[in-house]
Structures are given as C-alpha cells and as structure tokens.
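**Q** Protein chains in written order, with the working numbering: chain A, 10 to 353; chain B, 10 to 353.
This is the structure:
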C-alpha cells in the first residue's frame with residue numbers, strides 16, 4: 010500500500026503538521042508519498058528520503074516538484090501533459106485550519122480522492138468547540154457546562170472564576186488562558202478574540218483527570234490504549250508541539266475495565282456515523298464516575314500512533330473501510346418533460 | 010461588475026440549479042459569466058447568449074470550453090498556458106449537494122476566489138436539519154420540537170401522527186412525506202432513508218402559516234419583503250422546481266409591522282456572523298405569536314430575487330462586503346528554535 014501524506018497548509022498549526030508528518034515516517038511500514046501544502050497553498054512533492062524540518066523553514070521545499078490537485082489526485086506537469094502522483098489513499102495530516110475546518114476534506118471529496126480523515130461535516134463539528142458541545146449532547150455524551158461569548162457582548166459572561174477561556178475554533182491550545190481572578194479576564198478575552206469572534210468559557214477544575222482514547226471504525230471499532238497525559242495545568246503550544254512529534258507510547262492510564270468500557274462507549278456514540286473514514290482521538294474527563302467529552306481531535310498529532318498496539322494494522326484496516334460517496338444518477342427529467350410539453 | 014454564476018454539480022438538485030441560473034439572466038443587470046459544473050464535476054464556460062435548459066439535458070454543453078479551478082479562479086487551457094476567466098465575484102448557485110454542503114465553499118475559499126454564498130461552516134449548519142435546529146436554539150430562535158431517528162433505530166420514534174418525515178440532509182422537499190396514520194410510517198421512513206442515514210420527524214401542523222424572509226448583511230442588513238408562500242400541504246419537488254425559475258414577486262404576507270420586525274430580528278440572530286457573505290432565505294412559522302424557524306436556505310432558488318424591491322443593489326452591496334479570510338503569517342519559529350538549539 011502507498012499512502013500520500015498531505016501536510017502543512019495555511020494554518021496556525023502548520024509547523025505542528027510538518028513535525029507530525031516527519032514523525033510518521035518512523036512508524037508507518039508502507040510506502041509514503043509526501044504531499045506538502047505551503048502557507049500560500051501551493052502543493053509540492055517532497056521526496057521521502059529528503060524530508061526534514063529545515064527543508065520547510067528554509068524555503069528549500071520550493072525547489073521540489075510543484076503539484077496541483079484535480080479529479081482523482083495530485084498531478085505534476087510535464088511536457089506531454091499531467092502525470093498523476095500514484096497513491097492508494099491520501100492521509101489528511103493538516104492540523105488546524107484548512108485541514109480540520111473542512112476545506113481539505115471538501116477538496117478531496119469533490120475530486121474523488123480516497124482519504125483518511127474527517128469528512129466535511131465531521132470537520133466543521135469538531136473544529137468549532139461550541140458545535141462540538143451541541144453535537145456531543147445530541148449524541149448523549151456530556152460536556153462541561155460553558156458559556157459562549159461573542160466579541161461585542163463581553164459583558165454577558167456570568168461564570169465565576171476559576172475558568173478557562175478558549176477561542177471557539179482553534180486547536181493545539183492556541184489562544185487559551187486560565188482565569189483565576191477576574192482581573193485577568195480582559196487580557197484572556199483579548200488574546201482569545203485575536204483568533205476568533207466567539208469564545209468558549211468553561212469552569213476550570215483543578216486536578217481533573219484527562220483520558221485520551223484514539224480509534225477508528227473499520228469492520229469493527231479499533232481502539233487505542235487509554236492514556237492519561239502528563240501535564241501541568243494544561244499543555245501550552247510549545248509542549249503540544251513537542252507532543253506532536255511523538256512516536257513512543259507513554260503513561261497508560263490505570264483505569265479499571267469498567268471505566269475503559271465507559272470511555273469506549275462514549276467514543277462510539279461520538280464516532281458513528283459522523284467520523285467514518287477518520288482516525289480520531291477523543292479527550293475525556295472523568296468526574297464523579299461520569300464521562301465528559303473535552304474535545305475531539307479529528308486529526309490527532311502524528312495520528313496518535315503511540316497509543317496503538319498495532320498502528321500499522323489500524324491504518325490498513327481503515328483504508329479498506331473508507332466511506333463511499335452517495336451515488337447521484339444524472340437526471341434531466343424535469344427539463345426534458347418541460348421541453349417535451351413545449352413540443353421541442 | 011462581472012459576476013460568475015457557478016451552477017449544476019453532482020447534486021439531486023442539479024436541474025433546479027440550471028433553472029435557477031437561467032432565471033438570473035433575466036434579473037441581473039451586471040455582466041454574467043456562466044460557470045457550469047456537470048454531474049461528473051467537470052467545469053465548462055457557457056456563453057451567456059447561448060444558455061438554455063436543453064443545452065444541459067442534451068449534453069451539448071460538452072462542446073463548450075472546459076475549465077479547471079485553481080488559485081484565484083477558473084481557467085481555460087491554451088497553447089501558451091492557462092487563461093483566467095475574469096470575473097469580480099463568483100455567485101455560488103449550486104443548490105443541494107456540493108453547493109450547500111460546504112464543498113464548493115471550501116474550494117472557493119481555499120483557492121482565494123471571492124464569492125457570494127455561505128462559507129463552509131454555515132453550509133454544513135444549514136444543510137443538516139438536525140444541526141440547524143441545534144444552531145437555532147443556541148442563537149435564541151425556536152424551532153418545532155422534533156425527533157432524530159437513525160436508520161438502525163427506527164423503533165425509537167415516539168412522536169404521534171400527524172407528523173412530517175424528512176431526510177436530515179436534503180433540500181427541495183426531496184424524500185419528504187407527511188404521515189397521518191402510523192400505517193404510512195414504514196413507507197415514509199423507507200423513502201427518507203433512501204437519501205440519508207438520519208431522518209428528522211416533526212409534528213405536522215395543518216394550516217400553519219409559513220413566512221419567507223430573505224436578506225443579507227452589507228454595511229447594514231438588507232431585507233426582502235416577507236412572502237407567505239401559496240401552498241398545498243407542502244411544496245413537492247415538481248412545484249419547487251417551477252418555483253426556482255421565478256423572477257416575479259408574489260403574495261406579500263399581510264403581517265403587521267411588529268410581526269415583520271420579529272421575523273427580521275430572528276433572521277439577524279441566525280445570520281450573524283455565521284452567514285456573512287451569503288444572501289439567504291429563512292422560512293419561518295408564526296404559531297401563537299411566536300416565531301419558529303422552519304429552515305434556512307443558504308442559496309435560495311434564483312437567489313429569491315423576486316422577494317427584493319431592488320435585487321441588483323442588494324447583490325452589489327453584498328459584493329462590496331464579503332468577509333475576508335483570516336491572515337495567517339508564515340512562521341517556522343518552533344522549527345527554527347529547535348534547529349538553533351541543535352546548533353544547525
């Protein structure tokens with residue numbers, strides 16, 4: 010099997026995507042084709058044996074082959090027309106904007122390119138923290154209470170500190186601040202509103218335990234181990250960045266079987282059918298024996314490879330179970346019937 | 010001003026889009042460039058003076074110039090490279106799948122093509138009737154009570170007839186049935202599940218009045234008149250099809266000023282900031298003096314031109330107030346700092 014890893018793009022998490030892509034080279038056993046999208050949304054073919062972080066930061070990637078996307082895949086131009094870059098499936102590894110907001114999913118779907126990753130609706134649902142909460146509730150999974158605050162209605166906030174302020178639409182802890190005292194509120198809101206018009210405010214629960222569970226559905230559900238991430242108050246961008254290059258398993262949670270099953274049950278409720286075709290990581294809290302969803306990572310850092318006992322099999326199984334698009338037969342029956350009524 | 014009307018595509022409402030596009034020729038005063046997407050998602054440039062419905066149903070459009078989409082717009086191939094098809098703004102007039110589900114919005118956003126139409130998140134929210142309900146509630150606008158039923162959980166339905174059964178994700182009344190007696194339920198569900206895995210069931214309220222209000226936000230909100238659509242129980246696909254070719258104003262609702270303001274107020278709550286850049290039509294009910302959202306049409310048939318006193322000005326004003334994309338500065342500061350720590 011040959012996998013095309015699509016990474017980079019116009020995103021605050023561009024660098025994280027680069028690191029994530031390089032990390033996968035160490036763990037994927039199949040052949041890899043690297044499809045890079047730069048900040049200007051130009052595509053390049055990066056030779057697998059030449060990939061390293063400096064190639065991108067130095068701008069040297071620009072010397073590699075330019076690609077464009079069209080029906081069926083990515084193409085390079087040649088003297089005698091375009092040549093398809095062969096791969097069996099594209100893995101959408103663009104974290105944050107473009108990759109997780111539905112744009113890349115749409116392009117891959119529109120051009121009929123088989124891919125691993127959330128579809129457009131799943132992307133939009135998980136990219137926006139407010140929508141994630143509404144969705145989780147509808148699926149029967151609890152989330153922390155919250156308040157959504159819009160830029161021009163700052164005064165509507167009624168939750169008491171300590172609380173956590175998050176831009177509604179960014180991942181990787183960008184723009185997130187903990188407010189322990191109301192004197193810190195203005196600055197926290199200023200920062201968050203730099204990134205989004207809507208901000209989510211949630212109670213900050215000191216010492217709450219977080220549990221990360223990754224998985225996908227092939228014939229049946231494939232789950233990772235449950236990890237209890239080691240963290241300070243929360244992971245800031247620098248630490249998450251390092252986290253995204255991980256290839257080693259760490260800190261399995263010491264949970265009883267019943268709790269693990271509870272987490273898996275919540276995961277299933279969230280996954281199906283919305284996230285078909287994606288390998289996602291759900292970050293949960295357990296509070297007073299109840300499972301709460303914190304967030305859904307529809308494209309986890311380095312695909313959360315370090316959480317799986319057999320990551321390669323999981324990816325292979327998923328590739329064989331990608332959702333098919335709806336068949337829409339060509340039809341002009343109304344136009345034809347009007348034409349024939351007109352005697353044309 | 011030159012507007013590129015993008016229509017057709019792989020959608021159950023492909024024909025409706027064709028009719029809608031042709032109708033706009035009669036009402037738009039600016040120059041039009043017709044950008045057609047066929048059922049196979051190939052793009053064609055259709056000369057404005059040669060457009061008619063038969064061109065598409067007969068397949069003769071295939072003789073016109075092929076286009077492809079790339080950064081900045083639609084291009085035709087030539088001996089000496091690609092030529093951009095000039096237009097100031099693209100109007101997304103693809104009804105249903107592709108156009109309203111976020112795919113086209115994503116492609117236009119990704120390639121930096123200015124356009125009138127819902128952005129990807131707005132598309133996903135309004136395309137799925139369940140998400141629309143969750144969103145409306147969050148924005149403080151009521152919707153009818155409902156139950157969402159998934160394909161493998163038909164037995165969970167508890168609402169009593171008469172009710173209306175709708176596939177969660179299609180517009181234009183496709184797959185919608187009224188169930189007056191439980192004996193009709195199985196058939197109605199079979200039909201709806203042909204189109205979607207999730208079905209929305211809502212009480213059917215005989216004689217409820219529907220009010221349609223279209224609008225957009227430029228400097229300020231521009232509203233259409235309120236129409237009370239003439240209808241039988243509900244418009245089926247055939248009648249909606251004819252409806253989409255409308256260019257004449259019909260049946261202004263006889264509502265007092267207070268009620269009109271109530272509808273406009275609900276429209277504003279739903280529109281901003283989600284639908285920035287789009288001209289949408291909201292279909293409301295008024296029951297016991299309370300406004301309920303029925304559905305949001307993010308790309309109404311022939312852009313609901315017949316509802317506006319001055320449709321051309323509305324479009325022109327909207328073109329001048331399209332949302333700009335977020336600026337994301339190129340940054341490799343983490344990779345650079347790691348490289349420099351390594352002494353590279």
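Each residue gets a CB set at the ideal place from its N, CA and C atoms; glycine is no exception.
Keep in mind the model is a prediction, meaning the values are calculated, not measured.
1) Keeping to the same chain, check which residues put their C-beta closer than 6 Å to that of residue 135 of chain A; ignore five residues upstream and five downstream.
2) Counting pairs of beta carbons, one from the region 62-80 of chain B and one from the region 141-150 of chain B, are three or more of them closer than 8 Å?
3) Can you tell me where the alpha helix (DSSP H) holding residue 229 of chain B begins and where it ends?
4) Can you pull the DSSP bridge partners for residue 290 of chain A?
5) Alpha carbon to alpha carbon, what distance is there between residue 104 of chain A and residue 23 of chain A?
6) Expressed to the nearest angstrom, what Euclidean distance is found between the alpha-carbon atoms of residue 312 of chain B and residue 342 of chain A?
7) Have a look at B/50, B/159 and B/33 and flag the residue whose alpha-carbon is nearest the alpha-carbon of residue 58 of chain B.
8) Could you spell out where the alpha helix (DSSP H) holding residue 40 of chain A opens and where it closes?
9) Where does residue 120 of chain B sit, in a helix, a strand or coil, going by DSSP?
10) Strictly below 8 Å CB to CB, what residues from chain B border residue 66 of chain A?
11) If you pair each beta-carbon of the region 152-160 of chain A with each one of the region 186-197 of chain A, do three or more pairs fall below 8 Å?
12) Hey, could you find the ends of the beta strand (DSSP E) residue 347 of chain B is sitting in?
13) For a cutoff of 8 Å on Cβ pairs, would you count residue 44 of chain A as touching chain B?
14) Could you check the C-alpha separation between residue 172 of chain B and residue 238 of chain B for me, to the nearest Å?
15) Pull up the CB-CB distance for residue 300 of chain B and residue 261 of chain B, whole angstroms please, since I reckon it's below 8 Å.
16) In chain B, which residues lie with their C-beta within 9 Å of the C-beta of residue 106 of chain A?
17) Mind pulling the chain A residues with CB within less than 9 Å of residue 137 of chain B?
18) Please work out which residues of its chain come closer than 8 Å, Cβ to Cβ, to residue 97 of chain A, disregarding the five sequence neighbours upstream and downstream, and give them in chain order.
19) Could you tell me whether any Cβ in chain E is nearer than 8 Å to the Cβ of residue 24 of chain B?
20) Using only alpha-carbon positions, find the residue among B/326, B/219 and B/19 that is nearest to residue 229 of chain B.
21) Measuring CB atoms only, is the region 33-46 of chain B touching the region 313-322 of chain A, in the sense that at least three cross pairs come out at less than 8 Å?
22) Could you list the residues in the region 10-24 of chain A with a C-beta less than 8 Å from some C-beta on chain B, going in chain order?
23) Is the region 208-217 of chain B close to the region 37-57 of chain B, with three or more CB pairs under 8 Å?
24) According to DSSP, residue 74 of chain A sits in a beta bridge with which residue or residues?
25) Using CA coordinates, which residue listed in A/227, A/55 and A/200 is at the minimum distance from residue 71 of chain A?
26) May I ask you to list the residues that DSSP assigns as paired with residue 212 of chain A?
27) Taking Cβ positions only, does residue 48 of chain A come closer than 8 Å to chain B?
28) Does residue 4 of chain A have its Cβ less than 8 Å from a Cβ in chain B?
29) Would residue 119 of chain B pass as an interface residue toward chain A - the criterion being a Cβ-Cβ separation below 8 Å?
30) Which chain B residues sit within Cβ distance under 7 Å of residue 79 of chain A?
31) Looking at C-alpha atoms only, which residue of B/283, B/286 and B/100 is the closest neighbour of residue 17 of chain B?
32) For residue 3 of chain A, is the classification buried or exposed, using 16 other Cβ atoms within 10 angstroms of its Cβ as the cut-off for buried?
33) For residue 206 of chain B, which residues in chain A fall below 7 Å Cβ to Cβ?
34) Can you tell me which of the three DSSP states residue 19 of chain A falls into?
35) Which value, in whole angstroms, describes the spacing of the CA atoms of residue 116 of chain A and residue 107 of chain B?
36) Please decide whether residue 158 of chain B counts as near chain A, where near means a Cβ-Cβ distance under 8 Å.
**A** The relevant details are as follows:
1) Closer than 6 Å at Cβ, skipping near neighbours: 141, 305 and 307.
2) No: the two stretches stay apart, fewer than three of their Cβ pairs being nearer than 8 Å.
3) DSSP places residue 229 of chain B in no alpha helix (DSSP H); its state is neither H nor E.
4) Paired residue(s): A/223 and A/306.
5) Their Cα atoms are separated by approximately 7 Å.
6) Each residue's alpha carbon lies about 23 Å from the other.
7) B/33 is the residue among B/50, B/159 and B/33 whose C-alpha sits nearest the C-alpha of residue 58 of chain B.
8) Unbroken run through residue 40 of chain A is the beta strand (DSSP E), 40-46; no alpha helix (DSSP H).
9) Note: residue 120 of chain B maps to coil in three-state DSSP.
10) What residue 66 of chain A touches in chain B: 341, 344, 345 and 348.
11) Because the criterion of three Cβ pairs below 8 Å is not met, the region 152-160 of chain A and the region 186-197 of chain A do not touch.
12) It is not in any beta strand (DSSP E) - residue 347 of chain B instead sits in the alpha helix (DSSP H) that spans 342-350.
13) Not one chain B Cβ lies under 8 Å of residue 44 of chain A.
14) About 21 Å.
15) Contact doesn't hold; Cβ gap of about 18 Å is too wide.
16) Contact annotation for residue 106 of chain A against chain B: 335 and 337 [CB-CB distance below 9 Å, chain order].
17) Correct list: 130.
18) These residues qualify, in order along the chain: 10, 11, 12, 123 and 328.
19) In the displayed structure, chain E is absent; the protein chains listed are A and B.
20) Out of B/326, B/219 and B/19, the CA that lies nearest to the CA of residue 229 of chain B is found in B/326.
21) The region 33-46 of chain B vs the region 313-322 of chain A: no contact.
22) So the list reads 19, 20, 21, 23 and 24, given in the order they occur along the chain.
23) With the cut-off at 8 Å, the region 208-217 of chain B and the region 37-57 of chain B do not touch.
24) DSSP, once it has assigned bridges, lists A/54 as partnering residue 74 of chain A.
25) The shortest Cα separation from residue 71 of chain A among A/227, A/55 and A/200 belongs to A/55.
26) Residue 212 of chain A has A/172 as its beta-bridge partners, per DSSP.
27) Closer than 8 Å to some Cβ of chain B, the Cβ of residue 48 of chain A qualifies, so yes.
28) A question about residue 4 of chain A goes unanswered here, because the residues of chain A that appear run from 10 up to 353.
29) Cβ-Cβ to chain A under 8 Å: yes for residue 119 of chain B.
30) Under the 7 Å cutoff, chain B gives 77.
31) Selected option, being the one with the closest Cα: B/100.
32) Since the first residue of chain A shown is 10 and the last is 353, residue 3 of chain A is not available in this structure.
33) Here the neighbours are 282.
34) Three-state DSSP puts residue 19 of chain A in coil, outside helix and strand.
35) Distance between the alpha carbons of residue 116 of chain A and residue 107 of chain B is about 10 Å.
36) For residue 158 of chain B, the answer is no, since every Cβ of chain A falls outside 8 Å of its Cβ.
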